[in-house]
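For reference, the structure is listed below as structure tokens.
Numbering (the working numbering), first residue to last: 1 to 478.
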């Protein structure tokens, strides 16, 4: 039921606006994260949980795919001619070889993918000046990226800049970094800013530049799961050790120096000692009984833990079947295939997002610091290339080859080798000839091409179709 037009939340709107303004009047913009407010090192705590760590590992690894710098897709013969296309391809090839100089680029992308969990991640691009040739160009001094060094998000903060000419006017918010060498905060502007990769996840106004981390939800999931596990530990202890009961006569008089309450407490302490050391010395009148605990309720508690783990899995990876969890649906194989497709489509958006970040910051920095070289190579006006990752769709090799066979257009042979997961043979390399198709065994073979001829009926049909499609002079009878 919607609220009627006579109702409005003017108070809530005003409180948000005033609170937002107050945040920017602080020395720097504080993070609105509840998870980090409760535990500043919550990320380390969560990574100590094997389930959370496995979920993070699975997500980040699925985001890292083979990459390539492609020419700008908007360049064509119609809007630039062949010369513009060649320039765009050359510029993309140079950028591709330059970025390939980065050491362990896959691991750097794996770490940057943590922005989904943390809200934001930063990497410093380390450039080296190298005298080299890129994609066959003349040798010259290039500033090439060789390393992406992770820098913890806690060393960065947003600093508001207020106008000195007009009071109460916010001019800008700049990124500031804590410099370890000097122990000072320095503003990252100009060339300094171009040396950093910044990935902010869901950068909305109310998140104040800190992004919306998945930790905000995983914090509660981990808390409830941890509480349930604590109960399971206590349950296992009761199962293993049982329950010891000592019978004391409540009507008997206490000793001269101890009350009955103290005697009971000392008896319980003695029972704990018996339980840990597995030996006991008791009087003839004393009685100790061991009650064996039942396993009732263990399945329920384990189901609760499983619920929390699957909840985190769905949040981070979009599906639970690929992680080894049972989806509880019929048709196991079909269900897993559907979940596989769901999970892969779930990764495409964050993968595109990460590609966009590197395309903006990493590729953009390389083009910026080597602008003079591109002018010297007459490529300054070439369209900007784009760094992208391959979207790999899992498919059975046999199904892929059958789909290629049914295709109605010419297909490069390389696609068959790729689908069959075998390399293209080198020239002069020993090979095993392909087995003939049984369906074509009775067909005639063309002596020139070595390929099977079509049947007589098929040839007649093709001739009839070609004749019907032939152009006729104006006024001719149909």
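Note that the Cβ used here is the ideal one computed from N, Cα and C, for glycine as well.
As the structure is a computational prediction, the values presented were derived from the model and not from experiment.
If you run the structure through DSSP and keep just helix, strand and coil, what is residue 149?
-> Along the chain shown, read from residue 1 onward, the residue named residue 149 stands at position 149. Assigned with DSSP and collapsed to three states, residue 149 falls in strand.
Would the stretch 367-385 and the stretch 219-230 be scored as touching if the rule is three or more Cβ pairs under 8 Å?
-> No: fewer than three Cβ pairs fall under 8 Å.
Might you give, ordered along the chain, the residues of its own chain that have their beta carbon closer than 6 Å to the beta carbon of residue 86, omitting 5 neighbours on each side?
-> The residue labelled residue 86 in the question sits at position 86 within the chain shown. Excluding sequence positions up to five before and after residue 86, its CB lies less than 6 Å from no other CB in the same chain.
To the nearest whole angstrom, what separates the beta carbons of residue 65 and residue 390, a pair I think is in contact under 8 Å?
-> Sequence index remark: in the chain shown, residue 65 carries index 65 (1-based). Sequence index remark: in the chain shown, residue 390 carries index 390 (1-based). The Cβ separation is near 5 Å, so the contact holds.
Would a C-beta distance cut-off of 8 Å place residue 174 and residue 209 closer than the cut-off?
-> Within the chain shown, the letter at position 174 stands for residue 174. Within the chain shown, the letter at position 209 stands for residue 209. In this structure, residue 209 does not lie closer than 8 Å to residue 174 by Cβ.
Use the C-beta contact count for residue 361: other C-beta atoms within 10 angstroms, 16 or more gives buried, fewer gives exposed.
-> The count along the chain shown starts at 1 and reaches residue 361 at position 361. Looking at its Cβ environment, which holds 16 or more other Cβ atoms inside 10 Å, residue 361 is buried.
Three-way DSSP call (helix, strand, coil) for residue 182 in this model | For the purposes of this step, residue 182 is identified with residue 182 of the chain shown, where counting begins at 1. Residue state, collapsed to three classes: coil.
Note the first and the last residue of the continuous alpha helix (DSSP H) segment covering residue 298.
-> Here residue 298 corresponds to residue number 298 of the chain shown, with the count starting at 1. Start and end: 298-317.
Residue 124 beta carbon less than 8 Å from that of residue 479 | The question about residue 479 has no answer, for the chain in this structure spans 1 to 478.
Do residue 28 and residue 159 come within 8 Å of each other at the CB atom, strictly closer than that value?
-> Here residue 159 corresponds to residue number 159 of the chain shown, with the count starting at 1. Here residue 28 corresponds to residue number 28 of the chain shown, with the count starting at 1. Yes.
Which residue or residues does DSSP assign as beta-bridge partners of residue 124?
-> Position 124 of the chain shown holds residue 124. DSSP output for residue 124 lists 149 and 196 as bridge partner(s).
Endpoints, the alpha helix (DSSP H) within which residue 389 is located | The residue given as residue 389 occupies position 389 in the chain shown. In the DSSP assignment, residue 389 falls outside any alpha helix (DSSP H) and lies within the beta strand (DSSP E) extending over 386-389.
Which partner residues of residue 365 appear in the DSSP bridge assignment?
-> Locating residue 365 in the chain shown gives position 365, where the first residue counts as 1. According to DSSP, residue 365 bridges with nothing at all.
8 Å Cβ cutoff met for residue 197 and residue 347 = By one-based count along the chain shown, residue 197 stands at place 197. By one-based count along the chain shown, residue 347 stands at place 347. Not in contact: residue 197 and residue 347 (Cβ atoms no closer than 8 Å).
Determine which residues share a DSSP beta bridge with residue 176 and list them.
-> For the purposes of this step, residue 176 is identified with residue 176 of the chain shown, where counting begins at 1. BP columns for residue 176 point to 157 and 187.
Under a three-way DSSP split, which group does residue 427 fall into?
-> For this step, residue 427 is matched to residue 427 along the chain shown. The DSSP-derived three-state label of residue 427 is coil.
Neighbourhood of residue 155 by C-beta distance below 7 Å, restricted to the same chain and skipping five residues each side = Here residue 155 is taken as the residue at index 155 of the chain shown, counted from 1. The residues are 177 and 178.
Quick one: what's got a C-beta closer than 6 Å to residue 71's C-beta in the same chain, skipping five residues either side?
-> The count along the chain shown starts at 1 and reaches residue 71 at position 71. Closer than 6 Å at Cβ, skipping near neighbours: 88, 89, 92 and 385.
Could you give the distance in angstroms between the alpha-carbon of residue 120 and the alpha-carbon of residue 96?
-> Residue numbering aside, residue 120 sits at position 120 when the chain shown is read from its first letter. Residue numbering aside, residue 96 sits at position 96 when the chain shown is read from its first letter. Residue 96 has its alpha-carbon roughly 26 Å from the corresponding atom of residue 120.
Candidates 136, 149, 140 and 137: closest to residue 122 by CA position = Walking along the chain shown from the start, residue 122 turns up at place 122. With distances taken between CA atoms, residue 122 lies nearest to 149 out of 136, 149, 140 and 137.
Since residue 118 contacts residue 185 with CB under 8 Å, what's their CB separation in whole angstroms?
-> Residue numbering aside, residue 118 sits at position 118 when the chain shown is read from its first letter. Residue numbering aside, residue 185 sits at position 185 when the chain shown is read from its first letter. The C-beta distance from residue 118 to residue 185 rounds to 21 Å, too long to fall under 8 Å, and the pair is not in contact.
Expected contact under 8 Å - CB spacing of residue 144 and residue 130 to nearest Å = In the chain shown, residue 144 corresponds to position 144, counting from 1. In the chain shown, residue 130 corresponds to position 130, counting from 1. In this structure residue 144 is in contact with residue 130, their Cβ atoms being roughly 6 Å apart against a cut-off of 8 Å.
Local conformation of residue 353 per DSSP, three classes = Within the chain shown, the letter at position 353 stands for residue 353. Here residue 353 sits in helix by DSSP.
From residue 201 to residue 214, what distance separates their C-alpha atoms?
-> Taking the chain shown and counting its residues from 1, the one referred to as residue 201 is at position 201. Taking the chain shown and counting its residues from 1, the one referred to as residue 214 is at position 214. C-alpha separation (whole angstroms): 9 Å.
In angstroms with no decimal places, state the Cα-to-Cα distance between residue 19 and residue 225.
-> For this step, residue 19 is matched to residue 19 along the chain shown. For this step, residue 225 is matched to residue 225 along the chain shown. Here the alpha carbon of residue 19 sits roughly 34 Å from the alpha carbon of residue 225.
Which listed residue (369, 427, 231 and 267) has its alpha carbon closest to that of residue 299 | In the chain shown, counting from the first residue as 1, residue 299 sits at position 299. With respect to the C-alpha of residue 299, the residue from 369, 427, 231 and 267 having the closest C-alpha is 231.
Spatial neighbours of residue 304 within its chain, please: CB distance less than 6 Å, with the 5 preceding and 5 following residues excluded, ordered by chain position.
-> Looking up residue 304 in the chain shown gives position 304. Sequence-distant partners of residue 304 (beyond 5 residues in either direction) whose C-beta falls short of 6 Å from its own C-beta, in its chain, are 228.
Exposure of residue 21, with buried meaning 16 or more beta-carbon neighbours within 10 Å | Residue mapping note: residue 21 aligns to position 21 of the chain shown, counting from 1. Classification for residue 21: exposed.
Evaluate residue 317 with the Cβ neighbour count: other Cβ atoms within 10 Å of its Cβ, from every protein chain shown; 16 or more gives buried, anything less gives exposed.
-> Locating residue 317 in the chain shown gives position 317, counting from the first residue. Burial is judged here by how many other beta carbons sit within 10 angstroms of a residue's own beta carbon; residue 317 has at least 16 and is buried.
If you measure from the CB of residue 266, is any heavy atom of the ligand NAD nearer than 7 Å?
-> Although the ligand NAD was asked about, the structure shown includes no ligands whatsoever.
What are the boundary residues of the alpha helix (DSSP H) that includes residue 43?
-> Taking the first residue of the chain shown as position 1, residue 43 is located at position 43. Counting along the chain, the alpha helix (DSSP H) containing residue 43 begins and ends at 42-47.
Thinking C-alpha only, which one of 272, 411, 138 and 169 is nearest residue 374?
-> The residue you call residue 374 lines up with position 374 of the chain shown. The shortest Cα separation from residue 374 among 272, 411, 138 and 169 belongs to 138.
Going by beta carbon distance, what residues of the same chain come within less than 7 Å of residue 49, once the five residues before and after it are set aside?
-> Translated into positions along the chain shown, residue 49 becomes position 49. Excluding positions up to five away in sequence, the list reads 222.
Skipping 5 residues on each side, what residues in its chain have a beta carbon closer than 8 Å to that of residue 415?
-> The residue given as residue 415 occupies position 415 in the chain shown. Within the same chain, residue 415 has close Cβ partners 404.
Tell me which same chain residues have a C-beta within less than 7 Å of the C-beta of residue 343, skipping the five on either side of it?
-> Here residue 343 corresponds to residue number 343 of the chain shown, with the count starting at 1. Non-local beta-carbon contacts of residue 343 in its own chain, meaning distances under 7 Å to residues more than five positions away in sequence, involve 317, 318, 319 and 322 in chain order.
Tell me whether residue 31 is buried or exposed, calling it buried when 16 or more other Cβ atoms sit within 10 Å of its Cβ.
-> As a first step, residue 31 must be located in the chain shown, where it is residue number 31. Answer is buried; the Cβ neighbour count reaches 16.
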